[in-house]
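Please read the structure below before turning to the comments.
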């Protein structure tokens, strides 16, 4: 311990004598370690941190899979879930749930809460007890919810936010979506499931859904797939065993019910993988990418230490002569490197703390546990391990070089100016080549993502989002079970908003593009029959009058929906080009009659006549392919949850208060929420590619800067080491151009070698980004050419500055440099 403390004190004195050198090394390491720790903090929060449940590794997601998406768990039907639960033997329990907002009324103003409908075994799977009261019992999965009626369990946050933390909350009745529920429990603060960016605020029993009976109801139809399934494995069961068993059960059900389950299977995944599987791969790839920045930083520091080692060669030789063994000197040099790494790591952790806050701010809003991004024990341990590994990585090479040269009798050197050995010069050159190679790989990846992101931004969504404000309303009162009442209130609200100053057009839609919702339904075509399991389907939207005008969606042929399309008039529908081309190739879709499987009211005639065809438009992402869509008039297929779209010069601060007044006159129980522009929805859909592009761009810029500094340092050292030689050359007749050629030629050799190695590596590694690119190939020639030119230019500039200094050398001063 005394020896270690002595080494540390000596290292501190040494660094104190060279504060500029110390600062450069510490900052370089801080940037490399900080960048890696920042990315790891996001990966840790979203993917690595275990879920806060007892035995969380045994909690599995269970779901249906289909031929075109075997790696993704899909929702299933209640009937399928019941069969899974009855036939399986690998799980202690299985539970079903789905997520949906609920409107709570009875207070001064209606409130929309984030809710989930769950089966009775849901909470027992997580082995969590309520803070107050109890959780659901099996009887509450039945019609009406059992003896106590419909029941609800509150989250701790909702209990405090909406009920002031009332200790007498149990038994209190609340009105949700126009139905009366009794509060039976409050969950503890730490509990949250499903894993959503905004946690669930309450859980309701299945009792309300059990009231819906009939062949097409949520509890009866095997085609009504809205239920997610979660389960806890038995102690003697493995995920692989459970997956095989559930796959066999899925195959049995597919044979028994081919109409709805043909070609489907059942799979099992850890529940955390179910939520983060796709982004986990992207974040791991990002961490590997940013590790190149750290390698460049290490190469830079190693180069600096090698250069500094030249000036310390006589010091080391003297210490060896007075009795210091080679091992003792090696340990001292390594201690210095580790000390630099630890200080750089500490500063890098501070940078990562701010970086984690930035990541939480710019990350995708729908990313689970994004708000938990920060510095915790696991991240600190990562930063510590990374700092130690970094110290060893950049410290071993210079320390071993000095150790080896010490054995050859460095004390024999004379003169006051130390010179670089050939081996050391080659090593410094190799490190610069590595830096340039790593930088080129990062620049190429960044360039590919940047081109992809720019192309994504330039995609035409098929409508004009500029100047469009949106908000959501929900009609939950029982009187809206009448289609006539729903249509009447919708018209009152629309007409009231249309009269506001600055509003040029207003309409409504059941599921707004880019909002994340787009239900699909089966389609029957008059006069055609389809093989079982191969019936066509299409995206469903219910739209108000002037929807296409307000959204600026172009009409290709026919007409749009109109106010004259009423509950009493013939049923009409508008379709998009993809629908017309796929279902009526080489035919005119106008006049054809179709019937959707979905309907919001009972119809005497289930057929709808196509009266118009509109341009394709994007639904939830700019990089998606067009799919068939159907647009039904709200005045013929009423819906109680609507997103209003308002175009005009009216600001949100004026529109929303005015709309609240209109709603108050129409029905005080109708809430308004989800207030944002359509451009905001589109921006949110691009949050993930924006995050990757921003981060990789920042890392590539940092890598380019560090590489340029490294090359500049090597060439400057080259000039200082050969000052006397340059002076002699110039004294014998060489001119400034010859000096420039000498220095720049040496730098360009290193640059070209680094570019060649980097291009080869980038050619293969860029394929890993294929899943993140849009309309750009992984080996895009333009990107490869541009990054090579940029890096080559920066390298040339880094060489030219010391070369210019060499060209301006006074021969007499240069010759004196040797004396």
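Numbering (my numbering), first residue to last: 212 to 1030.
A virtual CB, placed ideally from N, CA and C, is assigned to each residue, including glycine.
Extent of the continuous alpha helix (DSSP H) to which residue i belongs
i	result
residue 770	Taken as a continuous stretch (DSSP letters only), residue 770 belongs to no alpha helix (DSSP H), as it is neither H nor E.
residue 1005	992-1018
residue 696	694-709
residue 421	418-421
residue 392	Looking at the DSSP string, residue 392 is not in any alpha helix (DSSP H); the run it does join, the beta strand (DSSP E), is 390-397.
residue 437	Note, residue 437: premise wrong, no alpha helix (DSSP H); not H, not E.
residue 864	863-877
residue 679	Per DSSP, residue 679 belongs to no alpha helix (DSSP H); it is in the beta strand (DSSP E), 679-685.
residue 675	Neither: residue 675 is in no alpha helix (DSSP H) and is coded neither H nor E.
residue 752	Taken as a continuous stretch (DSSP letters only), residue 752 belongs to no alpha helix (DSSP H), being part of the beta strand (DSSP E) at 748-754.
Beta carbon of residue i nearer than 9 Å to that of residue j
i	j	result
residue 447	residue 461	no
residue 395	residue 325	no
residue 976	residue 1003	no
residue 444	residue 271	yes
residue 330	residue 292	yes
residue 697	residue 851	yes
residue 986	residue 666	yes
residue 168	residue 918	Here the chain has residues from 212 to 1030 only, and residue 168 is not among them.
residue 337	residue 404	yes
residue 252	residue 584	yes
residue 504	residue 914	yes
residue 859	residue 715	yes
residue 954	residue 1014	yes
residue 683	residue 854	yes
residue 486	residue 406	yes
residue 845	residue 754	yes
residue 735	residue 751	no
residue 726	residue 885	yes
residue 451	residue 465	no
residue 883	residue 867	yes
residue 876	residue 707	yes
residue 478	residue 305	no
Reference residue i; option with closest CA among the options
i	options	result
residue 713	380, 869 and 999	869
residue 669	389, 897, 922 and 348	897
residue 398	878, 443, 387 and 340	340
residue 724	707, 895 and 735	895
residue 964	642, 343 and 328	642
residue 786	810, 749 and 760	749
residue 456	294, 607 and 474	294
residue 438	370, 299, 564 and 309	309
residue 998	751, 653 and 674	653
residue 391	381, 363 and 545	363
residue 892	812, 831, 296 and 258	831
residue 651	995, 299, 234 and 225	995
residue 984	957, 335, 708 and 493	493
residue 334	442, 371 and 811	442
residue 368	428, 393, 401 and 568	401
residue 286	421, 429 and 542	429
residue 1001	912, 234, 1011 and 502	912
N-terminal and C-terminal residue of the beta strand (DSSP E) that residue i is part of
i	result
residue 258	No beta strand (DSSP E) contains residue 258, which DSSP labels as neither H nor E.
residue 980	Looking at the DSSP string, residue 980 is not in any beta strand (DSSP E), and its letter there is neither H nor E.
residue 884	883-888
residue 777	Looking at the DSSP string, residue 777 is not in any beta strand (DSSP E), and its letter there is neither H nor E.
residue 271	270-277
residue 414	413-415
Any non-hydrogen atom of the ligand MN within 8 Å of residue i CB
i	result
residue 776	Of the ligands one can find in the structure shown there are none, so the ligand MN has no counterpart to examine.
Cutoff 9 Å: residue i Cβ touching any chain C Cβ
i	result
residue 355	No chain C is present in this structure, which holds just one protein chain.
If you pair each beta-carbon of the stretch 504-517 with each one of the stretch 472-486, do three or more pairs fall below 8 Å? no
Does the contact criterion of 3 or more C-beta pairs under 8 Å hold for the stretch 826-836 versus the stretch 675-692? no
Checklist entry - Mind pulling the alpha helix (DSSP H) runs of 4 or more residues that sit fully within the stretch 303-384? => result Counting only runs of 4+ residues, the alpha helix (DSSP H) found wholly inside the stretch 303-384 occupies 333-336 and 367-374, in chain order.
Quiz item: Counting Cβ pairs closer than 8 Å, one from the stretch 809-825 and one from the stretch 755-771, do we hit at least three?
Solution: Contact check between the stretch 809-825 and the stretch 755-771: three or more CB pairs, one atom from each, fall below 8 Å, which counts as touching.
In chain order, each alpha helix (DSSP H) run of at least 4 residues that lies wholly inside the stretch 441-508 = Listed in chain order, the complete alpha helix (DSSP H) runs (minimum 4 residues) inside the stretch 441-508 are 450-467 and 469-472.
contact_flag[the stretch 582-592, the stretch 551-559] where n(CB pairs < 8 Å) is 3 or more: no
Any contact between the stretch 402-422 and the stretch 352-366? By contact I mean 3 or more CB pairs, one from each, below 8 Å. yes
**Request:** Report the residue ranges of all beta strand (DSSP E) runs contained in full by the stretch 791-848; include only those spanning at least 3 residues, in chain order.
**Result:** Counting only runs of 3 or more residues that sit fully inside the stretch 791-848, the beta strand (DSSP E) segments are 804-807, 819-825 and 840-844, in chain order.
- Would the stretch 901-917 and the stretch 491-498 be scored as touching if the rule is three or more Cβ pairs under 8 Å? yes
Hey, is the stretch 227-246 in contact with the stretch 577-588, meaning 3+ C-beta pairs nearer than 8 Å? Contact fails between the stretch 227-246 and the stretch 577-588, because fewer than three Cβ pairs, one in each stretch, are under 8 Å apart.
For the structure I just gave you, are there three or more beta carbon pairs, one from the stretch 271-285 and one from the stretch 402-414, closer than 8 Å? no
ask   = Between the stretch 313-320 and the stretch 375-387, do three or more beta carbon pairs fall short of 8 Å?
value = With the cut-off at 8 Å, the stretch 313-320 and the stretch 375-387 touch.
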